[in-house]
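To start, the structure under review is shown below, and the notes come after it.
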């Protein structure tokens with residue numbers, strides 16, 4: 085069962101001032117919307133969504149809420165910034181899962197941290213590269229997890245064109 089989803093923000097503007105202030109582009113908004121619909125179709129709503137405080141991740145999380153994936157406010161977590169420490173995030177979620185083992189949690193973050201998070205939660209020996217708006221769907225329990233699915237806008241388009 086998927087109870088943890090790690091998502092990279094959608095396509096963002098080029099860096100011109102502060103990295104933390106970069107916004108989603110129109111294409112980024114569209115790809116996040118598409119992935120939110122895919123997620124809503126494949127998995128039920130989440131109990132909690134945590135986002136990096138950077139503008140593009142907050143915007144990504146807002147689209148997820150608009151699509152009905154969470155009925156409460158998104159929570160900001162400063163450990164989810166690009167240079168964040170994956171182990172701190174694992175420790176934080178282990179504490180949350182100890183309180184509620186059935187919780188469904190979605191994290192919205194950045195490269196390279198999203199790759200390091202997948203490695204930290206699955207101990208797979210691999211750190212995948214995420215496309216923008218890509219997401220890793222993980223079954224995580226008692227300090228062990230298994231990557232069950234990876235989806236991104238390009239894969240969704242490929243599936244639609246084959247159908």
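Numbering (my numbering), first residue to last: 85 to 247.
C-beta atoms are modelled at their ideal positions from N, C-alpha and C, and glycine is treated no differently.
> What three-state label does DSSP hand residue 225 in the structure shown?
Replying inline: strand
>> If contacts are defined as beta-carbon pairs under 8 Å, then residue 149 and residue 158 qualify, I think. What distance do you get, rounded to the angstrom?
In response: 6 Å
> Once you ignore the five residues that flank residue 107 on each side, which residues in its own chain have a CB closer than 7 Å to its CB?
Replying inline: 96, 97, 139, 140 and 143
>> Cutting at 6 Å between CB atoms, please list the residues of its own chain near residue 193, excluding the five before and the five after it.
In response: 136 and 164
>> Judging by CA-CA distance, which residue of 129, 175, 209 and 214 is the nearest neighbour of residue 225?
In response: In terms of CA proximity to residue 225, 175 leads the group 129, 175, 209 and 214.
> Does the stretch 87–94 touch the stretch 213–232, meaning 3 or more C-beta pairs lie closer than 8 Å?
Replying inline: Contact between the stretch 213–232 and the stretch 87–94 is present: three or more C-beta pairs spanning the two stretches fall below 8 Å.
>> Going residue by residue through the stretch 128–174, where are the continuous beta strand (DSSP E) segments of at least 3 residues, counting only ones entirely within it?
In response: Secondary structure in the stretch 128–174: the beta strand (DSSP E) runs of 3 residues or longer, each lying completely within the stretch, are 132–135 in chain order.
>> Which of the three DSSP states is assigned to residue 86 in this structure?
In response: coil
> Could you give the distance in angstroms between the alpha-carbon of residue 104 and the alpha-carbon of residue 128?
Replying inline: 30 Å
> CB-CB under 7 Å to residue 130, same chain, minus the five flanking residues each way: which ones, in chain order?
Replying inline: 153, 154, 188, 189 and 190
>> To the nearest angstrom, how far is the alpha carbon of residue 247 from that of residue 234?
In response: Only weak support exists for where residue 247 lies, its pLDDT of 48 falling under 50; the value from the coordinates is given anyway. Rounded to the nearest angstrom, the two C-alpha atoms are 19 Å apart.
>> Tell me the rounded alpha-carbon separation between residue 179 and residue 196.
In response: Cα-Cα distance, rounded: 24 Å.
> Roughly how many angstroms lie between the CA atoms of residue 87 and residue 205, to the nearest whole one?
Replying inline: 12 Å
> So, are the CB atoms of residue 85 and residue 237 less than 8 Å apart?
Replying inline: no
>> Given a cut-off of 8 Å on the beta-carbon distance, is the pair residue 147 and residue 173 in contact?
In response: no
>> Taking DSSP's pairing of strands, which residues face residue 189 in a bridge?
In response: Per DSSP, 88 and 132.
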